[in-house]
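Let me begin by presenting the structure, written as structure tokens, before commenting on it.
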Amino acid sequence: AQSVTQPDIHITVSEGASLELRCNYSYGATPYLFWYVQSPGQGLQLLLKYFSGDTLVQGIKGFEAEFKRSQSSFNLRKPSVHWSDAAEYFCAVGLNSGYSTLTFGKGTMLLVSP
Amino acid sequence: GAVVSQHPSWVICKSGTSVKIECRSLDFQATTMFWYRQFPKQSLMLMATSNEGSKATYEQGVEKDKFLINHASLTLSTLTVTSAHPEDSSFYICSGTGQGPETQYFGPGTRLLVL
């Protein structure tokens, strides 16, 4: 069964600084990969996804993620963090065969300091 | 596009009563819908998967007689928590796929508090 590891429970970044959130997965083949963001008391919003092709994926709100097969990683990055980016971020993995259930990481809480 | 709504956003009920939560896909037809449960400061736990017109598939450990799921149309799925108890208090989130089966679009969640 696939699994997802987000090693950082929470991260604090200064506003304007760059951000990288880590995600590692365990799966026998190349999975579908997703990053979602959740604001307090809200549902999840899709930031970006990777299915195949270019390993650098652009998403909404200035986020990007890079799929590295050799490292089984799909880290999320943003060059300059805004205070409104403070939220919980979830990495998720899906099977690459039709519709699939998602396996979520435990999430990383991003705190933005002034 | 790909907007999912949930109703209600908040519900407080007495122990022993039943609560129904609606999940609607507003601008797409959700062939498959998913129901998740999320405890404070934890990740999402999949409860069940439902395809329109079919019985839901429940994850291991989820009581199907307690959490009734109906997916009667391509835009509506309902989750009914029957005979709710305080331990059922949680944040329930639904999602739907349809614009490409691989991507799930999530609703805003429903906070259930059972007294």
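Listed in order, the protein sequences are those of chains A and B. If you count the first sequence from 1, you need to add 605 to reach my numbering. If you count the second sequence from 1, you need to add 1143 to reach my numbering. Where a beta carbon is used, it is the ideal one built from N, C-alpha and C, also for glycine.
**Q.** When A:A622, A:S678, A:Q643 are compared against Y632 of chain A, the one with the closest alpha-carbon
**A.** A:S678
Q | Proximal residues of chain A, C-beta to C-beta of G1239 of chain B below 7 Å | A | By Cβ distance, chain A contributes nothing, its closest Cβ being about 10 Å from G1239 of chain B, past 7 Å.
Q: Return the residues of the stretch 1213-1242 of chain B that lie within a Cβ-Cβ distance of less than 7 Å from chain A, sorted by chain order.
A: I1236, T1240
Q.
Which residue marks the beginning of the beta strand (DSSP E) containing S1220 of chain B, and which one marks its end?
A. 1219-1224
Q) What are the boundary residues of the beta strand (DSSP E) that includes H1214 of chain B? A) 1210-1216
Q) Which residues in the same chain as S1161 of chain B place their Cβ atom closer than 7 Å to its Cβ, once the five residues preceding and following it in sequence are excluded? A) T1223, V1224, T1225, S1226, A1227
Q: Please report the Cβ distance between I1189 of chain B and F1177 of chain B, rounded to the nearest whole angstrom; I am assuming they are in contact, meaning their Cβ atoms lie under 8 Å.
A: It should be noted that the sequence gives Leu, not Ile, for residue 1189 of chain B. So it is a contact: roughly 6 Å between Cβ atoms.
Q | For S675 of chain A, the three-state DSSP class (helix, strand or coil) | A | helix
Q | DSSP state of I1155 of chain B mapped onto helix, strand, coil | A | strand
Q: In angstroms with no decimal places, state the Cα-to-Cα distance between K1198 of chain B and A622 of chain A.
A: 49 Å
Q: Using a Cβ cut-off of 9 Å (strictly closer), state whether P1251 of chain B contacts chain A.
A: yes
Q. In three-state terms, what does DSSP make of S1236 of chain B?
A. A small correction: the amino acid at residue 1236 of chain B is Ile; Ser does not occupy that position in the sequence shown. Correct three-state label for I1236 of chain B: strand.
**Q.** Reduced DSSP secondary structure (H/G/I, E/B, other) of K683 of chain A
**A.** strand
**Q.** C-beta neighbour in chain A for Y1201 of chain B, strict 9 Å
**A.** no
Q) Name the DSSP bridge partner or partners of C696 of chain A? A) A:W640
Q: Leaving out five residues on either side along the sequence, give the residues of the same chain with a beta carbon under 8 Å from the beta carbon of F1210 of chain B.
A: W1178, M1190, A1191, Y1201, L1222, T1223, V1224, T1225
(Q) Give me the DSSP bridge partner(s) of R1180 of chain B. (A) B:M1188, B:Y1235
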